[in-house]
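In this note's numbering, the protein residues as written are 7 to 287.
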């Protein structure tokens, strides 16, 4: 395989300079990255790319060199090459670069850390820019590789963090969806001690949004002993009957909480008996 002029073969990898863009060919692999460290048995590279697959592999990885492997170093970089403006413009003209205004700096930093300008131009002339565009998207989780939120997991974990943050008799205001069918799962949401109407307005703007049918308060009564103990009411004026709320309604809430958070202990109370010193509705 004839290598392009911008790659120089390295006979002794221990002579490489940290920060160089290095490529390893052999053992059925074609990998490239920025040199972070030299070890006795190989190279530690940052932003490792698999050029045979055109894919981002890892933020950092150890390339263990085999006798049949060939190591190359890029002879130029974005800091030294006269081709830098031309190569950089190819990236800046990319439609995804123009649309991802918040990620433009990160895109350029990634590209310039792991490619040389000459390689970018080589890819462009051979219609192989996927070797740049795909790894960029995978590394930064943008475009076709945007990270999808696990809505259920996110909703549960955020509410867990809210109740775990309570201490010294503090309370929070919550909204809940308690399903009539046992096969459905309950959902909870809170932004602290804000009124239920304000909490609802915030919930409706969230990706984890749902339509609540109950609301109330959760108050910590024991944070020092295991399990943590809470009292819970369903006394929202907005989503219930306030101080006239029956204990049985609060029991529905505590049953639902116990299913989601079995490591805690929840005790139902009637009316609005779980609110703290701050006013909430």
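Using N, Cα and C, we set each Cβ at its ideal position, and we do this for glycine too.
Computed from a prediction, not measured in an experiment: that's the story for all the values here.
Rounded to the nearest whole angstrom, the C-alpha separation of residue 163 and residue 220 is 20 Å. Boundaries of the beta strand (DSSP E) harbouring residue 53: 48-56, taken from the DSSP string.
CA-to-CA, the gap between residue 76 and residue 113 works out to about 29 Å. Residues 39, 50, 51 and 54 of the same chain have their beta carbon placed closer than 8 Å to that of residue 67, with the five preceding and five following residues left out of the count. Closest in C-alpha terms to residue 277, from the list 266, 264 and 247, comes 247. The alpha-carbon separation between residue 115 and residue 264 amounts to approximately 47 Å. Counting the other Cβ atoms within 10 Å of the Cβ of residue 155 gives fewer than 16, which makes it exposed. Within the same chain, and ignoring the five residues on either side of residue 47 in sequence, the residues whose Cβ sits closer than 6 Å to its Cβ are 70. In this structure residue 58 is in contact with residue 35, their Cβ atoms being roughly 7 Å apart against a cut-off of 8 Å. Beta-bridge pairing by DSSP links residue 9 to no other residue.
Judged by DSSP secondary structure, residue 225 falls within the beta strand (DSSP E) whose first and last residues are 220-228.
Assignment of residue 252 by DSSP, reduced to helix, strand and coil, places it in the coil class. Look at residue 271 here: in three-state DSSP terms it is strand.
Spatial neighbours of residue 81 in its own chain (CB-CB distance under 6 Å, excluding positions within 5 residues in sequence) are listed in chain order as 12 and 14. Between the C-alpha atoms of residue 122 and residue 213 there is a straight-line separation of about 39 Å. If only complete runs of 4 or more residues are kept, the region 121-190 shows the alpha helix (DSSP H) at 123-131, 136-146 and 157-170, in order along the chain.
Annotation: the continuous alpha helix (DSSP H) that includes residue 96 extends over 90-98. According to DSSP, residue pairing for residue 61 in a beta bridge involves 56. With a cutoff of 9 Å on beta-carbon distance, residue 184 and residue 256 are scored as not near each other. Counting only residues of its own chain and dropping the five nearest sequence neighbours on each side, residue 137 has a CB closer than 8 Å to the CB of 55, 57, 60 and 129.
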